[in-house]
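As structure tokens, the structure follows; a few thoughts come after it.
2 protein chains.
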Amino acid sequence: MNYNLSDNIKNMKPSAIREIFKSLGTPGAISFAAGNPSPESFPVEDITRIANKILAENASASLQYGTTEGFMPLRELVTKRIADKFDCAKDGDMTIITSGGQQGIELFCKVMCNRGDVVVCENPSFIGALNAFRSIGAVPVGVPLEDDGINLEILEEVLKTNDKVKFLYLIPTFQNPAGITTSLEKRKAVYALAQKYDVMILEDNPYGELRFAGENVPTYKSMDTDGRVMYCGSFSKILSAGMRVGFVCGNETVVQKMVVAKQVEDVHTNQFFQMIVAGFMQECDMDAHIAKINALYKHKATLMIAALEKYMPKEVKFTRPEGGLFLWCTLPEGVSLDDFMKESIAQKVFVVTGKAFNCDESAPSDSFRLNYSMPSDEEIDKGIKILGEIIAGLIEKAK
Amino acid sequence: MNYNLSDNIKNMKPSAIREIFKSLGTPGAISFAAGNPSPESFPVEDITRIANKILAENASASLQYGTTEGFMPLRELVTKRIADKFDCAKDGDMTIITSGGQQGIELFCKVMCNRGDVVVCENPSFIGALNAFRSIGAVPVGVPLEDDGINLEILEEVLKTNDKVKFLYLIPTFQNPAGITTSLEKRKAVYALAQKYDVMILEDNPYGELRFAGENVPTYKSMDTDGRVMYCGSFSKILSAGMRVGFVCGNETVVQKMVVAKQVEDVHTNQFFQMIVAGFMQECDMDAHIAKINALYKHKATLMIAALEKYMPKEVKFTRPEGGLFLWCTLPEGVSLDDFMKESIAQKVFVVTGKAFNCDESAPSDSFRLNYSMPSDEEIDKGIKILGEIIAGLIEKAK
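Residue numbers (the working numbering), protein chains in the order written: chain U, 63 to 461; chain E, 63 to 461.
What follows is the structure, given as structure tokens:
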């Protein structure tokens, strides 16, 4: 039969990143393409102990339906942690547990946007969020991301001229894909613009705990005096990505509607793993655990930056993240990203094309994303060397 | 600030059932309101053993990101089981693992429907599905459910006069809420009508394995000669509801779009529990496990029917399900459902009002849903006695 699919979905394609994920098994391949946390970051012993305790003492509750809002002890622990660490959770706010940070982003957009509404994003931005917006019929409009955050002049121009804007989607800390952290000054200016043009902010902070250098910068949520900021976080990068446990904290009116939307999506998040996370937060030292992850990622990022300095032609630019999982490389003028991608795939070193992160899917790009959390030390050195040689060859050819 | 919510979500309310779920803790309360499986149905020992095996042998994979389509061994095991048991899985079909059956329903609607499109449903029907359709802007249109399935004349009338119909949503076996199983004759006629008017069928079969009396009736999917039927199932009622693992099997073109839609909702379903289910299907005797559940539910249903026969005024009608979790009671003429609901809540015996299952939210009802999987034997006897007395009193008053 002829399948007459919905307008929102019919032209959507699978995320380039998730598709790459499938081909990572190629023998001899080196992947800098993943967004995965290092498996070394999973506290397997603690999870095993807590899992057995739950199954011995509380099996029925852990395997039975739960409430859509989430497991109450976990909601309370999350709210306390983000209040203590990031000055989130304001009067009138409420925390919902979501099936990963991804679901929080999607639910908020579903609750806010009609088809044709606009979400203003940093450009480049997280492809999972961009596709979530598209799947609801919302239109991501990109504002260039600079070294210290979004371009304020262009942001104001978009807000001034576009009356369909429902919210700003921002990843202010260790941005995916660019690894950039927005400065405090810019955060204050962005918040002021959101007030001036009366739009909401969805602050996505899945990497906020993963700081291995520099000083914490206050969150947008910490500046939120009028219930404008929804704060979205995740345990994917600090406990387990596969368990799919994240959260959103924000104004109760909005979160209650997200509860209704979540009810019809998956009823609630896996109950057993909500109890595992709560157990971990109660019994284990989360800060010490995260400090170990950050020591690992600092080591990996330092290695990758050293390799980039050693092997990349000097015309190649790259960011130097203070945390998170990613850095962003920009090719010199005259070198084609398509040529580079073709050659890197041929040589089995996988990166993600910058095009995947463009708000405007037809726009060109001169950049690519590198992940340092997954590859081994040897792979980082070897893979960056290969990429450096490819780019050197392309520069030579362009002369 | 003023929250300008989306048209699809702003008027939606939480599901009456999920809300009742929160007040089940009231001391002395008897609940026939839940849709929960009995905790006795959870194979806790097997799950504990398999969980420890996964954590010992395969922890990294179980806690890491997985593919959106689902854990491949589980997809294969599910496909084989539904092919063997229900003659599902046709050439050109594909199976996706979803976060509960609920997500399968929601994703299919999202992939098919624009705002204003129509989904034809049995009336009454499963509130979780009706709300999923509403959340996407689709309009559930109800066709009366009779003792042997949907009313064929009215179904054809709707299909003939409404060009916005995208699919039929049907729960042919042990229907929720009514406990009715559609006859083979009606299934054939419904399938023929779907062909004649070229609409798809979403066959929701979360209770299909829970047959404790009578003979299996062939699924819609088994009759599917032209890729018209999407078959949706779940492990919620046979292994664990809280883990949120379900599946959809249907035409690959459609399922691939559901994969794209799922990617932006939750990336994938909890990986660890996908591995638990696969482990259970490989290592344990699923049929023997389900036979135990069915023996329990047969006992509970028999008790409830006996109590209804003993305590209900003869004017009260009720269904006699051959499986599943629910039966459906209809009040005699002249007795107000609102009065009955008020009094039953006052006496702390919880049922779900028939209104919750109406496609037209403003329509009246004269019925309510009873669940027999959760209450104890004593609660069934005591609670039905109380409900019988309430109705007898209301009949007396109406004279």
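Yeah, the Cβ is synthetic: ideal placement off N, Cα and C, and Gly gets one too.
Asked	Found
Anything in the stretch 322-344 of chain E with a Cβ closer than 8 Å to a Cβ of chain U? List those residues in chain order, please.	322, 323, 325, 326, 327, 328, 329, 330, 331, 332, 333, 334 and 335
Hey, which unbroken runs of the alpha helix (DSSP H) at 4 residues or more fall wholly within the stretch 201-287 of chain E?	214-223 and 246-258
Report the neighbours of residue 164 of chain E on chain U: residues whose CB is nearer than 9 Å to its CB, in chain order.	325, 326, 327, 328 and 329
Flag residue 205 of chain U as yes when its Cβ comes closer than 7 Å to any non-hydrogen atom of the ligand MN, and as no otherwise.	Absence of the ligand MN is noted for the structure shown, with no ligands found whatsoever.
Say whether chain U places a C-beta atom closer than 8 Å to the C-beta of residue 294 of chain E.	no
Under 8 Å between C-beta atoms, does residue 317 of chain U make it to chain E?	no
Closer than 8 Å, Cβ to Cβ, to anything on chain E: give me those residues from the stretch 429-450 of chain U, in chain order.	none
Note down the Cα distance separating residue 281 of chain U from residue 386 of chain U, rounded to an integer number of angstroms.	16 Å
Whose C-alpha, out of U:95, U:131, U:173 and U:272, is nearest the C-alpha of residue 384 of chain U?	U:272
Which complete alpha helix (DSSP H) runs does the stretch 133-215 of chain E hold, if anything under 4 residues is left out?	134-148, 162-174 and 189-197
Closer than 7 Å, Cβ to Cβ, to anything on chain E: give me those residues from the stretch 145-163 of chain U, in chain order.	161 and 162
Quick one: list the residues of chain U neighbouring residue 190 of chain E, beta-carbon separation under 9 Å, in chain order.	325, 326 and 329
Could you tell me whether the Cβ of residue 87 of chain U comes closer than 8 Å to any Cβ of chain E?	no
Under 7 Å, CB to CB, which of the residues in the stretch 390-416 of chain U have a partner in chain E?	none
Could you tell me which residues DSSP puts in a beta bridge with residue 296 of chain U?	U:308
Roughly how many angstroms separate the alpha carbons of residue 398 of chain E and residue 428 of chain E, rounded to a whole number?	7 Å
Determine, for residue 127 of chain E, whether the minimum Cβ-Cβ distance to residues of chain U falls below 8 Å.	yes
Quick check: what's the CA-CA separation for residue 306 of chain U versus residue 377 of chain E?	50 Å
Among U:417, U:299, U:430 and U:231, which residue has its Cα nearest to the Cα of residue 339 of chain U?	U:299
So, is the C-beta of residue 239 of chain E closer than 8 Å to a C-beta in chain U?	no
What residues in its chain sit with their C-beta under 6 Å from that of residue 323 of chain E, if we drop five residues either side in the sequence?	169, 172 and 173
Using 10 angstroms around the beta-carbon of residue 330 of chain U, count the other beta-carbons present and answer buried if the total reaches 16, otherwise exposed.	buried
Between residue 362 of chain E and residue 269 of chain E, how many whole angstroms is the CB-CB distance? I'm expecting something under 8 Å.	The pair is not a contact, with the Cβ atoms about 14 Å apart (cut-off 8 Å).
With a 10 Å radius around its C-beta and 16 neighbouring C-beta atoms as the bar for buried, classify residue 64 of chain E as buried or exposed.	exposed
Within the continuous alpha helix (DSSP H) that includes residue 125 of chain U, where are the two ends?	121-125
Could you work out which residues of chain E lie near residue 211 of chain U, taking near to mean beta carbons separated by less than 9 Å?	Here the premise fails: no neighbours, minimum Cβ distance about 23 Å.
Is residue 278 of chain U close to chain E? Criterion is C-beta to C-beta, closer than 8 Å.	no
For a quick check, are the C-beta atoms of residue 128 of chain E and residue 304 of chain U less than 8 Å apart?	yes
Pull the bridge partners of residue 93 of chain U from the DSSP assignment, please.	U:412
I'd like to know whether the C-beta atoms of residue 167 of chain E and residue 70 of chain E end up nearer to each other than 8 Å.	no
Which stretch, first to last residue, makes up the alpha helix (DSSP H) that contains residue 315 of chain U?	314-328
For residue 215 of chain E, tell me which candidate among E:419, E:243 and E:248 has the shortest Cα-Cα distance.	E:248
Residue 99 of chain U and residue 346 of chain U look like a contact to me (Cβ under 8 Å); what is the Cβ gap, rounded to whole Å?	17 Å between Cβ atoms; not a contact.
Using only CA atoms, which one of E:421, E:403 and E:227 lies nearest to residue 258 of chain E?	E:227
From what residue to what residue does the beta strand (DSSP E) around residue 430 of chain E run?	429-433
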